[in-house]
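This report concerns only the one structure given below.
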Amino acid sequence: MNADIFLWLVQDGVTNGAIYALLALALLLVFAVTRVIFVPQGEFITYAALSLSLLEAGRTPGTIYILAVGGLAAAAIDGYAALRERAWRRLPRIAALYIVLPLAIAFLVAWAAPRKLDQWIQVLLVLAMVVPLGPIVYRIAFQPLANASVLVLFIVSMAVHYILSGLSLVFFGGEGLRSSPFWDARFKLGVVEISAQSLFVVAASLLLIVGLWLLFEHSIYGKALRATAINRVGARLVGIPTALTGQLSFLLAAFIGAVSGILISSITTLYYDTGFLIGLKGFVGAILGGMASYPLAAAGALVLGLLESFSSFWASAFKEVIVFTSIIPMLVWLSLRSRHVEEDEE
Amino acid sequence: MNRSLAIALLAAGALGATAAHADVTVGVTLGATGPGASLGIHYKNAFQLMPKTLGGQPVKYIILEDGSDATNAGKNARKLISEDNVDVIMGSNGVPSSLQIAQVATETQTPYLCLTPINVKPDQYKWTFSVPQPTELMMSAVAEHMKKHGVKTVGFIGFSDAWGDLMYKATEHWAQKYGYKVVTNERYARADTSVTGQVLKIMAANPDAVVVGGSGTGGALPHIALVDRGYKGTIYHNHGTVNAEFIKVGGKKVEGAIAPTGPLIVPEELPASNPVKKVALDFTTRYEKSFGAGSRNAFAGYSADAVHLLGAAIPAAMKKAKPGTPQFRAALRDALEHVKNVVGTHGVYNPTPENHNGEDERARVLVRVENGKWRLMK
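Protein chains in written order, with our numbering: chain A, 1 to 346; chain B, 347 to 724.
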């Protein structure tokens with residue numbers, strides 16, 4: 001291997017690592033706040049990337065049906081609860097958030113799709129379609145079980161993953177899709193050419209990470225999220241609505257997933273089930289970072305990206321083996337270091 | 347009294363009916379979901395267009411879903427045989443699944459028309475017939491083309507699964523005869539986000555040509571990466587890659603990609619003397635009418651050809667036994683070994699006891715991406 005190849009591999013590893021870092025942050029955030037190991041994180045990537053490709057082709061993505069039907073289901077659950085408690089005043093808000101908003105977005109997309117609008121508008125449409133899915137999924141699948149054990153939440157999470165990836169096959173089909181890059185430029189940096197798209201990926205990841213940091217440090221919602229993450233019962237005692245923080249964390253997770261999907265949709269061919277594997281690697285990155293701190297998780301994801309890139313050069317047939325085996329030493333270390341914590345000690 | 351008589355009569359009538367109309371039952375297991383979905387959907391679609399009578403005999407198709415999972419495929423095969431008493435099995439989209447079914451077919455002595463190119467010996471798998479062209483036959487077209495253009499070194503990059511292995515073996519198989527050397531054996535997965543590492547390794551070896559052992563849109567990723575890195579040699583694909591989606595995903599970057607395929611991809615461009623032309627044209631027209639323009643693909647053709655083969659074998663088997671019996675299954679198997687010149691969508695089949703596929707050079711053509719379309723290379 002010469003310096004040339006080394007630099008290429010580093011560039012590739014950093015680009016992928018940046019995506020994994022975003023996902024690691026999202027997974028860690030959701031886990032800390034709601035104790036859900038959020039397997040379907042990858043589905044947001046798929047939905048966003050494939051919706052963007054379809055919009056580019058002037059076709060209406062099936063995501064809008066998932067959004068509309070999911071919104072109605074969430075409204076039904078919330079509306080029923082409100083009716084039972086005779087809290088009439090909650091009804092207009094439920095209707096606005098879960099019925100009017102998703103339907104408005106759905107109609108807007110259906111109107112805009114055949115018109116092949118500017119790429120930036122398409123990106124905004126995709127965000128508008130995918131991001132609300134986060135809170136909707138939380139409302140339907142996880143909020144009723146907010147106090148269940150990590151294992152139960154994990155099993156529900158698997159079920160949600162299967163449902164979403166099944167729908168993804170129905171709406172997007174079995175073949176892969178790829179969207180055109182935002183900016184098809186390449187920069188020469190010594191011997192290495194860097195594509196504008198990979199710069200976008202790294203810049204967007206850094207921007208999001210800084211944004212998240214600002215959110216957690218300087219906003220009341222961020223502080224509420226942190227408080228819930230540290231101690232759920234304590235947070236509730238001081239008046240933080242934990243259902244709201246749960247929804248907020250899923251909103252952020254969906255947003256991060258959607259942004260990752262938009263970023264990589266022009267770098268690689270995506271299939272209806274690709275997101276799962278990318279999400280899984282984000283999860284491995286989070287574990288490499290000890291599943292505890294955000295900077296460590298991001299660093300772990302970056303290391304994973306590099307490891308993947310170099311192993312694809314040296315032993316491509318064993319790439320996945322190398323990547324997924326790398327968590328074993330970390331898991332051993334984690335389990336040796338931590339004292340055993342009982343599940344229901346809250 | 348009257349009522350029980352009526353029931354008895356009804357029961358007798360029902361029995362009589364089944365005995366008189368002994369349909370030939372075809373059991374199919376396919377994975378239209380799961381990792382093989384992109385192929386499975388086409389295989390499955392084709393069965394909607396299949397005739398309801400074959401060789402003058404009514405046919406019933408029972409189609410089960412295996413989710414592209416080998417264990418499920420095996421289970422489905424067992425279920426089809428033990429519960430539905432099928433006369434013949436067809437399936438599945440994926441080499442591991444097909445091997446699993448072949449095992450069940452041998453155990454239960456049921457003829458099996460395999461829809462993926464698995465390389466099994468007829469003396470070991472007496473009941474298995476492989477419908478698609480053997481990968482070696484397909485890749486021989488590529489090897490000939492490479493020899494004609496003076497290719498001496500070949501880089502290989504393929505899926506890290508059984509398909510990648512098959513393609514690597516087929517590429518390696520002709521190396522000696524056609525005077526080239528395979529210098530890399532790189533692997534990637536369909537869902538990989540990047541193949542930079544593998545492509546860099548190929549670029550470092552600098553081969554005259556590259557063979558991609560992927561399938562469908564999955565073949566586009568290494569091709570695009572090679573072009574992005576400035577690779578100038580010819581990039582060859584295989585018959586699994588030839589569909590419209592591949593070009594949709596690859597766009598301009600896959601212009602000039604060469605691949606072998608069955609004639610049914612380009613029936614319009616075949617000379618009128620080609621025996622396959624009529625059958626292939628008829629099938630693609632009907633398929634595209636049902637599933638959209640440009641939806642033609644090799645996989646649906648394999649389903650169609652399996653049914654063609656079955657249709658050719660049924661009359662001989664009917665002379666020996668009734669459908670639904672072990673004797674019929676054995677007769678069907680023997681008949682499948684002796685059918686002659688069965689014209690399918692992919693080629694002309696002449697299976698023998700030694701060769702359970704029976705296709706020849708007429709079953710392959712080379713196609714190239716020109717102006718966003720797969721065109722026959724003359």
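Beta carbons are placed, not taken as given, at the ideal position from N, Cα and C, and that holds for glycine. If you're wondering where the values come from, they're calculated on a predicted model, not measured in any experiment.
Query raised in the report: If the cut is a Cβ gap below 9 Å, which residues of chain B does Phe216(A) touch?
Result: Ordered by position in chain B, no residue passes the 9 Å Cβ test against Phe216(A), which lies about 28 Å from the chain.
Report task. May I ask you to report which of helix, strand or coil DSSP gives Tyr272(A)? Result -> In the structure shown, the three-state DSSP call for Tyr272(A) is coil.
Query raised in the report: Measuring CA to CA, which of Leu512(B), Pro672(B), Ser428(B) and Gln394(B) is closest to Leu483(B)?
Result: Leu512(B)
**Report entry** Beta-carbon gap between Ala383(B) and Leu169(A) smaller than 8 Å
**Finding:** yes
**Report entry** His218(A) burial status per 10 Å Cβ neighbour count (16 or more: buried)
**Finding:** exposed
Requested in this report: Go through its chain and collect everything with a Cβ distance to Leu29(A)'s Cβ below 7 Å, but skip five positions before and after it.
Outcome: Ser249, Leu252 and Ala253
Requested in this report: Would you verify that the beta carbon of Ile387(B) is, or is not, closer than 8 Å to some beta carbon of chain A?
Outcome: yes
**Report entry** As assigned by DSSP and simplified to three states, the class of Lys743(B)
**Finding:** Beyond the ends of chain B as shown, which are 347 and 724, falls residue 743(B); an answer cannot be given.
Query raised in the report: What are the uninterrupted segments assigned as beta strand (DSSP E) that are 3 or more residues long and contained completely in the region 590 to 651 of chain B, given in chain order?
Result: With a minimum length of 3 residues, the continuous beta strand (DSSP E) runs that stay inside the region 590 to 651 of chain B are 604 to 607.
Query raised in the report: Which two residues bound the contiguous beta strand (DSSP E) that contains Trp720(B)?
Result: Lys719 to Leu722
Query raised in the report: Exposed or buried, which one is Thr417(B) when buried takes at least 16 other CB atoms within 10 Å?
Result: So Thr417(B) ends up on the exposed side.
Query raised in the report: Which value, in whole angstroms, describes the spacing of the CA atoms of Ser486(B) and Trp520(B)?
Result: 7 Å
Report task. Hey, could you find the ends of the alpha helix (DSSP H) Pro135(A) is sitting in? Result -> Leu133 to Val137
Query raised in the report: Hey, is Arg178(A)'s beta-carbon within less than 8 Å of any beta-carbon in chain B?
Result: yes
**Report entry** Exposure of Pro606(B), with buried meaning 16 or more beta-carbon neighbours within 10 Å
**Finding:** buried
Report task. Within its chain, find whatever has a CB closer than 8 Å to the CB of Val323(A); leave out the 5 residues flanking it on each side and keep chain order. Result -> Within its own chain, the residues whose Cβ lies closer than 8 Å to the Cβ of Val323(A), once the five positions on either side in sequence are excluded, are Lys281, Val284, Leu304, Leu307, Glu308 and Ser311, listed in chain order.
Query raised in the report: Exposed or buried, which one is Phe475(B) when buried takes at least 16 other CB atoms within 10 Å?
Result: buried
Query - Where Phe347(A) sits in the DSSP three-state scheme - result: Past the edges of chain A, shown from 1 to 346, lies residue 347(A), and the structure says nothing about it.
Query - Residue from Val126(A), Ala74(A) and Leu117(A) whose Cα sits closest to the Cα of Ile136(A) - result: Ala74(A)
Query raised in the report: What residues of chain B sit near Asn16(A), judged by a beta carbon separation below 7 Å?
Result: Thr539 and Ser540
Query - Exposure of Val130(A), with buried meaning 16 or more beta-carbon neighbours within 10 Å - result: buried
Query raised in the report: With burial defined as no fewer than 16 other Cβ atoms inside 10 Å of the residue's Cβ, what is the status of Gly17(A): buried or exposed?
Result: buried
Query raised in the report: Taking DSSP as the reference, what is the three-state secondary structure of Glu716(B)?
Result: strand
Requested in this report: Measure the CB-CB distance between Asp430(B) and Gly373(B) and report whether it falls below 8 Å.
Outcome: Yes, the pair counts as a contact, with Cβ atoms nearer than the cut-off.
Query raised in the report: For a contact meaning CB atoms closer than 8 Å, what does Glu320(A) contact in chain B?
Result: Ser506 and Ala535
Query - Same chain, Cβ closer than 7 Å to Val659(B), five either side skipped, listed in chain order - result: Inspection of the sequence shows that residue 659(B) is occupied by Ala rather than by Val. Excluding positions up to five away in sequence, the list reads Leu678, Ala681, Leu682 and Val685.
Requested in this report: Measure from the C-beta of Lys719(B) to each C-beta in chain A and report whether the shortest distance is under 8 Å.
Outcome: no
**Report entry** Of the residues Asp78(A), Val14(A), Val33(A) and Gly222(A), the one placed nearest Gly300(A), counting alpha carbons only
**Finding:** Closest by alpha carbon: Val14(A).
Requested in this report: Leaving out five residues on either side along the sequence, give the residues of the same chain with a beta carbon under 8 Å from the beta carbon of Pro699(B).
Outcome: Pro468 and Glu683
Query raised in the report: Given 8 Å as the limit, is there contact between the region 578 to 589 of chain B and the region 522 to 530 of chain B, that is, 3 or more CB pairs closer than that?
Result: No, because fewer than three Cβ pairs between the region 578 to 589 of chain B and the region 522 to 530 of chain B fall closer than 8 Å, the two stretches do not touch.
Query raised in the report: Can you name the start and end residues of the alpha helix (DSSP H) that Val259(A) belongs to?
Result: Here the alpha helix (DSSP H) through Val259(A) covers Thr242 to Ile264.
Report task. Measure from the C-beta of Pro381(B) to each C-beta in chain A and report whether the shortest distance is under 8 Å. Result -> yes
Query raised in the report: Ala676(B) by DSSP, collapsed to three states: which one?
Result: helix
Query raised in the report: For the region 160 to 177 of chain A, which residues have a beta carbon sitting closer than 8 Å to at least one beta carbon of chain B?
Result: Gly166, Leu169, Gly173, Gly174, Glu175, Gly176 and Leu177
Requested in this report: Between the Cα of Leu331(A) and those of Gly234(A), Leu296(A), Ala112(A) and Gly289(A), spot the shortest distance and give me the residue it belongs to.
Outcome: Gly289(A)
Requested in this report: List the residues that DSSP assigns as beta-bridge partners of Thr15(A).
Outcome: Answer by DSSP bridge pairing: none, since Thr15(A) is not bridged.
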